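Counting along the sequence shown from 1, when you hit position 13 you're at 986 in this note's numbering, and nothing is skipped either side.
Virtual Cβ for every residue (Gly too), placed ideally from N, Cα, C.
Remember, predicted model here, so these are calculated numbers, not experimental data.
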Amino acid sequence: MIDNIRDRYIVYKTIAKEVLKLSDIKRIFWQKYQLLFGITKTTEAGLFFEEYREQDGKGLLRCTQKSLKNTLITMALINEINSIPVIIFPVYISGTIKKAKSAIE
974 MIDNIRDRYI
984 VYKTIAKEVL
994 KLSDIKRIFW
1004 QKYQLLFGIT
1014 KTTEAGLFFE
1024 EYREQDGKGL
1034 LRCTQKSLKN
1044 TLITMALINE
1054 INSIPVIIFP
1064 VYISGTIKKA
1074 KSAIE
């Protein structure tokens, strides 16, 4: 039987004293996820950063339903990006991109 892979969309917010670039967030997120769960789980997670607004620190991250808990754990454990203290926390979790994008607004 074929298993249908369902996506989840996480609207997140970053709090930092300086403006963070998406490339830095991606790099640290991938490193931390890979450190915690290994290369195999990282590739199965289906992580994709849909969008990120630097002015208010809000972004949209896609992952699979099975990797949702691991993704949230990784978000919670990131506390520094480029020697800048940072907090990344989920604001809203949705099964559809339309609702997730409306939550960013």
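| query | result |
| --- | --- |
| V984 beta carbon less than 8 angstroms from that of I1046 | no |
| Boundaries (first-last residue) of the beta strand (DSSP E) holding A1018 | Careful: A1018 lies outside any beta strand (DSSP E) and carries neither H nor E. |
| Cβ-based neighbour list, E1027, same chain, cut-off 6 angstroms, excluding 5 preceding and 5 following | V992 |
| Among P1063, Q1004 and S1056, the one whose alpha carbon lies nearest that of K990 | S1056 |
| Status (buried if at least 16 other CB within 10 Å, exposed otherwise) for V1059 | buried |
| Expected contact under 8 angstroms - CB spacing of K1025 and G1019 to nearest Å | The sequence shown places Tyr at residue 1025, rather than the Lys named in the question. The pair is not a contact, with the Cβ atoms about 18 angstroms apart (cut-off 8 angstroms). |
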